[in-house]
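Read through the structure below, which is laid out as structure tokens, and then see the notes.
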Amino acid sequence: MDARRPLMAGNWKMFKTHTEAVATASELLHLVSGVTDRDIMLAPTYSALVPVGEALQNSNISLGAQNLFWESDGAFTGEIAPGMLKAAGCEYVIIGHSERRQYFGETDGTVNKRIRAAIEADLRPVLCIGETETQRDADETFSVLDKQIQNGLQNFALADLNHLVVAYEPVWAIGTGKTASTDQAQEAHQHIRSLLEKAFGQDLAHRTRILYGGSVKPDNVDELMQMPDLDGALVGGASLKADSFGRIVQFQT
Ligand code: 13P
Numbered sequence: 037m038d039a040r041r042p043l044m045a046g047n048w049k050m051f052k053t054h055t056e057a058v059a060t061a062s063e064l065l066h067l068v069s070g071v072t073d074r075d076i077m078l079a080p081t082y083s084a085l086v087p088v089g090e091a092l093q094n095s096n097i098s099l100g101a102q103n104l105f106w107e108s109d110g111a112f113t114g115e116i117a118p119g120m121l122k123a124a125g126c127e128y129v130i131i132g133h134s135e136r137r138q139y140f141g142e143t144d145g146t147v148n149k150r151i152r153a154a155i156e157a158d159l160r161p162v163l164c165i166g167e168t169e170t171q172r173d174a175d176e177t178f179s180v181l182d183k184q185i186q187n188g189l190q191n192f193a194l195a196d197l198n199h200l201v202v203a204y205e206p207v208w209a210i211g212t213g214k215t216a217s218t219d220q221a222q223e224a225h226q227h228i229r230s231l232l233e234k235a236f237g238q239d240l241a242h243r244t245r246i247l248y249g250g251s252v253k254p255d256n257v258d259e260l261m262q263m264p265d266l267d268g269a270l271v272g273g274a275s276l277k278a279d280s281f282g283r284i285v286q287f288q289t
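First residue of the sequence shown: 37, per the working numbering; consecutive thereafter.
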């Protein structure tokens with residue numbers, strides 16, 4: 037079976053105006069134009085999706101969104117529909133990021149609805165999961181991941197999940213400069229893959245890319261990406277500058 041193709045994704049969170057986002061995306065394009073052996077994705081904020089999508093057209097960088105609502109249209113002030121993201125040129129959508137769970141009331145139940153809506157709109161969902169520091173200290177990491185995977189992916193058929201991407205982002209490592217050690221990350225990724233195997237079989241588990249997120253930087257990416265179950269990265273702060281993200285994208289193992 038083919039090895040999993042790495043996916044290196046930048047989550048720009050609530051940073052950059054559309055003009056700034058286009059400038060960084062264009063700079064990055066130059067830096068990574070020769071990269072052919074891995075996938076690259078940028079997820080700018082909503083107002084930047086269309087212009088960044090235009091800048092990335094016919095390139096090796098895909099566009100992603102940071103969230104979506106599950107209804108196709110309607111009176112839902114402040115929300116954005118899957119079809120709108122698709123029309124803006126998105127290929128991926130991040131779902132259930134810990135900041136959404138922490139600040140905006142996202143639950144495994146709403147995550148499940150958003151994933152279904154993404155799949156129906158032919159968007160590739162990037163399902164984010166991960167434990168808090170308190171949960172890790174209480175030895176609950178695996179049980180938290182079990183629950184997030186089971187409930188987040190409840191009632192899906194195997195065929196629905198062909199384009200699923202999972203991102204393991206330990207909450208204590210996000211934006212803190214504390215990275216999971218290679219062993220901690222590998223252990224969690226291996227556990228997630230075993231959960232996918234139990235629920236959906238070996239083939240899907242083997243094919244699904246599991247990204248690591250949490251203080252990934254140019255100086256730790258090479259080591260992290262050596263681990264067998266790390267299939268890419270979801271990068272926040274270090275993706276905001278083209279040279280830093282360009283280096284991360286071109287990790288060497
Ligand atoms: P940092 O890379 O800034 O820690 O953020 C990680 C993240 O939340 C990506 O989604």
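Beta carbons: idealized from backbone N, C-alpha and C, even for Gly.
If you ignore the 5 residues before and after His54, its C-beta comes within less than 7 Å of the C-beta of Ser83, Ala84 and Pro87, all in its own chain and listed in chain order.
Check the Cα spacing between Phe105 and each of Leu67, Val207 and Thr146: the tightest is with Thr146. DSSP places Asp73 outside any beta strand (DSSP E), giving it a letter other than H or E.
Between the ligand 13P and Ala274, a heavy atom-to-CB distance of less than 7 Å is present.
A buried status is given to Gln102, since no fewer than 16 other beta-carbon atoms sit within 10 Å of its beta-carbon.
When the beta-carbon positions are compared, Val202 and Val71 stay at least 8 Å from each other. One thing to note: Lys122 has its Cβ within 8 Å of the Cβ of Asp158.
Burial is judged here by how many other beta carbons sit within 10 angstroms of a residue's own beta carbon; Lys214 has fewer than 16 and is exposed. Looking from the CA of Glu115, the closest CA among Thr143, Arg150, Thr60 and Asp219 belongs to Arg150. Glu142 is classed as buried because its beta carbon has at least 16 other beta carbons within 10 Å across all chains shown. For Asn148, the secondary structure class from DSSP, reduced to helix, strand or coil, is helix. Residue burial is scored here from C-beta neighbours: His133 has at least 16 other C-beta atoms within 10 angstroms and is therefore classed as buried. Annotation: the continuous beta strand (DSSP E) that includes Ile130 extends over Cys126 to Ile131. Relative to the non-hydrogen atoms of the ligand 13P, the Cβ of Leu270 comes within a distance shorter than 7 Å of at least one. Val271 is not a Cβ neighbour of Ala111, given a cutoff of 8 Å.
Taking every protein chain shown into account, the CB of Gly100 has 16 or more other CB atoms within 10 angstroms, so this residue is buried. In terms of Cβ geometry, Met263 and Ala221 form a close pair [threshold 8 Å].
A straight line joining the alpha-carbon of Asp258 with that of Val252 spans about 10 Å.
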